[in-house]
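Residue numbers (the working numbering), protein chains in the order written: chain A, 8 to 373; chain B, 8 to 373.
These notes concern the structure reproduced below.
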């Protein structure tokens with residue numbers, strides 16, 4: 008079965024069935040303007056989403072990602088109406104540096120959970136560096152061969168380039184829409200080289216870190232702080248000659264994890280080896296994830312973490328906006344350069360320079 | 008020789024030598040009002056500090072720590088005038104959980120560097136939880152028996168309780184004053200259980216983490232992220248029966264450090280064992296610190312880190328103030344509670360709630 012998102016309907020060509028296409032009026036017309044897609048009403052969006060209509064869901068996500076103010080207003084209304092139906096899912100963040108076999112792994116992981124647990128899976132992504140026009144490096148459907156043609160999977164690339172906060176907001180809102188559309192498994196993929204891990208960690212229930220076996224040098228690729236966020240670390244490419252190396256790497260990671268304080272969840276992060284390519288060890292990984300979910304649902308941490316995340320994003324949004332309002336202010340921007348120079352030249356303390364800038368900002372507002 | 012800070016003069020009783028004490032006028036006067044200490048002019052402060060007068064330095068630090076606006080204005084003027092004379096020091100952050108023998112270690116470390124390198128040492132502290140009235144837990148002079156009576160050491164407890172940003176600012180400004188007074192070695196002590204490590208890390212050249220040998224359980228005391236900030240990790244109490252355990256712990260830490268990416272400095276953090284109580288391994292630790300300083304001065308990272316720190320504190324001060332202005336706004340504070348509830352009850356998204364609060368805030372200002 009063709010994936011709905013690959014259909015003509017998804018591409019917006021035939022949604023508006025009530026209106027005849029120009030090409031139908033004159034089939035010989037060489038160049039015709041595609042009729043503008045009729046905008047759904049908020050009610051129609053919500054109805055379509057709650058029915059699990061992937062076409063409507065896709066279009067709603069496009070609204071969320073749009074920069075046009077009228078789209079944003081509409082998107083917020085749709086999201087708010089979907090909110091009571093959201094939340095019934097397991098959200099798993101999946102991170103790994105390029106080369107760790109992340110795409111193949113997600114393909115295999117997704118197929119496994121759909122076969123084992125049923126339900127529906129949405130694969131989203133956060134990559135603030137991506138630009139849609141250049142082809143997003145994450146969530147590229149061709150990289151997930153099996154999932155991309157699976158009827159119960161919905162793959163959406165990362166929102167296009169923007170501030171991390173903006174990209175993260177869009178992904179988080181997309182989670183709400185997907186959950187309202189009945190997707191009870193959400194994967195949020197991220198490339199393991201930047202701050203986006205913190206953003207992903209702040210919107211998922213379980214954070215899975217994909218690593219490679221190898222020498223100490225290869226392990227240097229892990230960004231500071233990322234290992235400490237992991238609820239599970241899985242070493243890929245544990246196949247053939249590589250099995251022993253992978254097991255050794257797992258031991259190193261286990262020892263390292265002992266040096267960190269126990270996570271608030273009460274869960275001890277587990278380290279496993281697997282082979283995404285050969286499909287070895289996949290069940291063990293997902294048994295672990297579901298064991299974790301049972302564990303934190305029982306001890307109340309699941310709910311607690313989701314509440315903390317909701318608060319985190321409220322405060323993070325406020326703080327980001329406060330900073331934007333300050334640093335994007337033209338007068339501030341020009342004084343900032345001057346003050347930074349003064350600080351670096353040892354002519355003003357950091358605090359005196361900050362004070363001057365703040366005085367300018369708050370006096371403007373009066 | 009008595010430490011200047013312990014003298015009568017330091018306590019402010021006899022600074023004002025030109026004016027006769029009431030008790031001198033009438034020696035039988037039972038209760039008399041101590042004459043108000045004459046306030047130095049900014050020029051007098053700077054002159055005293057540049058001469059290395061510890062009494063004047065102490066009083067200038069008291070100004071820095073004062074909450075009175077007139078003191079703050081005066082303090083800023085003094086700091087600005089001292090700034091051109093500051094910077095010529097090695098700043099070392101020293102962290103360790105309570106029980107790690109931090110005070111004894113600092114006493115021994117300080118004595119060692121003064122004996123080996125000469126010069127003058129200031130020991131400052133950051134502990135946002137401390138309250139002066141209750142006796143600061145850090146920088147308590149009685150805990151540093153030898154340094155507290157050393158003529159070339161200046162010990163100052165943590166500024167009293169306040170926001171971390173406020174306490175950190177005061178300590179950072181105190182560093183400037185101490186350096187201008189000729190202190191070419193600065194220790195900044197912090198208790199290894201909170202966010203204050205990040206603050207200390209952001210104002211020192213070398214971050215030394217004191218750890219204890221012990222079982223895996225004891226190592227759980229390290230706060231997330233702290234180990235990754237360390238330029239050196241030293242395992243205390245490597246004496247008697249404990250030597251082997253300490254060596255084993257050192258190996259564990261060394262392995263764990265390999266899992267982190269190489270620090271920007273190009274320096275590989277070293278792990279050593281020592282005994283603060285028996286004075287074993289002290290020279291090796293400080294040889295390492297000085298080796299580090301030579302290394303980063305040669306590759307340019309020393310200067311780079313100081314510049315980054317200066318910028319960090321400028322931006323951090325701005326951001327903290329922007330947040331304070333928002334969250335301390337009475338109207339915002341009351342709406343915040345309402346919106347947080349909406350978010351937790353699933354009635355509003357984090358982003359919609361943030362938007363409402365931001366609208367209120369920015370409309371007020373217009």
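Just so it is clear, CB atoms sit at the ideal spot from N, CA and C, and this is done for glycine as well.
As the structure is a computational prediction, the values presented were derived from the model and not from experiment.
What is the rounded straight-line gap between the Cα of residue i and the Cα of residue j?
{"i": "residue 194 of chain B", "j": "residue 198 of chain A", "result": "39 Å"}
{"i": "residue 179 of chain B", "j": "residue 202 of chain B", "result": "16 Å"}
{"i": "residue 316 of chain B", "j": "residue 212 of chain B", "result": "10 Å"}
{"i": "residue 358 of chain A", "j": "residue 291 of chain B", "result": "37 Å"}
{"i": "residue 237 of chain A", "j": "residue 323 of chain A", "result": "21 Å"}
{"i": "residue 184 of chain B", "j": "residue 50 of chain B", "result": "14 Å"}
{"i": "residue 296 of chain B", "j": "residue 133 of chain A", "result": "40 Å"}
{"i": "residue 363 of chain A", "j": "residue 306 of chain A", "result": "50 Å"}
{"i": "residue 218 of chain B", "j": "residue 331 of chain A", "result": "40 Å"}
{"i": "residue 73 of chain B", "j": "residue 169 of chain A", "result": "43 Å"}
{"i": "residue 329 of chain B", "j": "residue 84 of chain B", "result": "24 Å"}
{"i": "residue 82 of chain B", "j": "residue 47 of chain B", "result": "11 Å"}
{"i": "residue 352 of chain B", "j": "residue 89 of chain A", "result": "14 Å"}
{"i": "residue 128 of chain B", "j": "residue 189 of chain B", "result": "9 Å"}
{"i": "residue 63 of chain A", "j": "residue 255 of chain A", "result": "48 Å"}
{"i": "residue 121 of chain B", "j": "residue 164 of chain B", "result": "20 Å"}
{"i": "residue 270 of chain A", "j": "residue 53 of chain B", "result": "49 Å"}
{"i": "residue 146 of chain A", "j": "residue 300 of chain A", "result": "Residue confidence for residue 146 of chain A is low, a pLDDT of 49 falling below 50, so the modelled location carries little weight; the figure read from the coordinates is stated next. Each residue's Cα considered, the two are about 25 Å apart."}
{"i": "residue 125 of chain A", "j": "residue 71 of chain A", "result": "28 Å"}
{"i": "residue 280 of chain B", "j": "residue 257 of chain B", "result": "7 Å"}
{"i": "residue 248 of chain A", "j": "residue 191 of chain A", "result": "37 Å"}
{"i": "residue 186 of chain B", "j": "residue 96 of chain B", "result": "7 Å"}
{"i": "residue 342 of chain B", "j": "residue 366 of chain B", "result": "11 Å"}
{"i": "residue 314 of chain A", "j": "residue 80 of chain A", "result": "25 Å"}
{"i": "residue 56 of chain A", "j": "residue 107 of chain B", "result": "57 Å"}
{"i": "residue 278 of chain A", "j": "residue 259 of chain A", "result": "10 Å"}
Which residues in the same chain have their Cβ closer than 7 Å to the Cβ of residue i, if we skip the five residues on either side of it in sequence?
{"i": "residue 333 of chain B", "result": "339 and 368"}
{"i": "residue 152 of chain B", "result": "114"}
{"i": "residue 325 of chain B", "result": "none"}
{"i": "residue 224 of chain A", "result": "For residue 224 of chain A, the pLDDT reaches just 44, beneath the cut-off of 50, and the residue's location in the model is therefore unreliable, although a value from the coordinates is still provided. Closer than 7 Å at Cβ, skipping near neighbours: no residue."}
{"i": "residue 267 of chain A", "result": "235"}
{"i": "residue 150 of chain A", "result": "110"}
Closest to residue i by CA distance: which of the options is it?
{"i": "residue 337 of chain A", "options": "A:355, A:371 and A:327", "result": "A:371"}
{"i": "residue 408 of chain B", "options": "B:241, B:325, B:84 and B:258", "result": "Summary: the structure shown does not reach residue 408 of chain B, with chain B confined to residues 8 through 373, and so no result is reported for it."}
{"i": "residue 94 of chain A", "options": "A:366, A:312, A:268 and A:329", "result": "A:312"}
{"i": "residue 239 of chain A", "options": "A:250, A:77 and A:274", "result": "A:274"}
{"i": "residue 205 of chain A", "options": "A:232, A:187, A:64 and A:96", "result": "A:232"}
{"i": "residue 285 of chain A", "options": "A:111, A:252, A:327 and A:61", "result": "A:111"}
{"i": "residue 318 of chain B", "options": "A:298, A:356, A:341 and A:342", "result": "A:356"}
{"i": "residue 354 of chain A", "options": "B:70, B:52 and B:91", "result": "B:91"}
{"i": "residue 156 of chain B", "options": "B:118, B:102, B:262 and B:260", "result": "B:118"}
Residues in the same chain with beta-carbon distance under 8 Å from residue i, minus the five sequence neighbours each way, listed in chain order, please.
{"i": "residue 3 of chain B", "result": "It is not possible to answer for residue 3 of chain B, since the shown part of chain B is limited to 8 through 373."}
{"i": "residue 360 of chain B", "result": "346, 347, 349 and 350"}
{"i": "residue 210 of chain A", "result": "98, 100, 175, 178, 179, 182, 195, 316 and 320"}
{"i": "residue 140 of chain A", "result": "With a pLDDT of 38 at residue 140 of chain A, under the threshold of 50, the modelled position of this residue cannot be trusted; read the value that follows with caution. Closer than 8 Å at Cβ, skipping near neighbours: 167."}
{"i": "residue 123 of chain B", "result": "290 and 293"}
Got a sec? Which residues, its chain only, sit under 6 Å from residue i by beta carbon, not counting five neighbours each side?
{"i": "residue 272 of chain B", "result": "303 and 308"}
{"i": "residue 130 of chain A", "result": "162 and 194"}
{"i": "residue 214 of chain A", "result": "100, 208, 236, 237 and 238"}
{"i": "residue 172 of chain B", "result": "327"}
{"i": "residue 252 of chain A", "result": "220"}
{"i": "residue 86 of chain B", "result": "180 and 183"}
{"i": "residue 78 of chain A", "result": "70"}
{"i": "residue 59 of chain A", "result": "188 and 189"}
For the ligand FAD, I want to know if residue i counts as a neighbour, meaning its beta carbon is within less than 7 Å of at least one of the ligand's heavy atoms.
{"i": "residue 303 of chain A", "result": "Among the components of this structure there are no ligands whatsoever, and the ligand FAD is therefore not found."}
Problem set entry | Contact residues within the segment 238-270 of chain A, judged by C-beta distance below 8 Å to chain B | 259, 260, 262, 263, 265, 266, 267, 268 and 269
For this session: Can you give me, in chain order, the residues of the segment 338-358 of chain B that have a beta carbon less than 8 Å from any beta carbon in chain A?
Result: 346, 347, 350, 351, 353, 354, 355, 356, 357 and 358
Exercise. Residue ranges of each alpha helix (DSSP H) run of no fewer than 4 residues wholly in the segment 156-190 of chain B, ordered along the chain?
Worked result: 171-187
Problem set entry | Uninterrupted alpha helix (DSSP H) stretches inside the segment 303-361 of chain A (no shorter than 4 residues) | 308-334 and 337-351
Problem set entry | Residues, ordered as in the chain, of the segment 304-329 of chain A that lie near chain B by beta-carbon distance below 7 Å | 314, 317, 318, 320, 321, 324, 325, 326, 328 and 329
Exercise. Using Cβ-Cβ distances below 8 Å, what residues of the segment 69-97 of chain B are close to chain A?
Worked result: 83, 86, 87, 90, 91, 93 and 94
For this session: Go through the segment 234-293 of chain B residue by residue and report every complete run of the beta strand (DSSP E) that reaches 3 residues or more, in order.
Result: 239-243 and 277-280
Problem set entry | Members of the segment 276-295 of chain A that neighbour chain B once the beta carbon cut-off is set at 8 Å | none
Exercise. Along the segment 51-66 of chain B, what residues have a CB closer than 7 Å to any CB found in chain A?
Worked result: none
Exercise. Where in the segment 101-136 of chain B do unbroken runs of the alpha helix (DSSP H), each at least 4 residues long, occur, reported from the N-terminal end onward?
Worked result: 109-124
Problem set entry | Proximal residues, the segment 164-195 of chain A versus chain B, C-beta separation under 9 Å | 176, 179, 180 and 183
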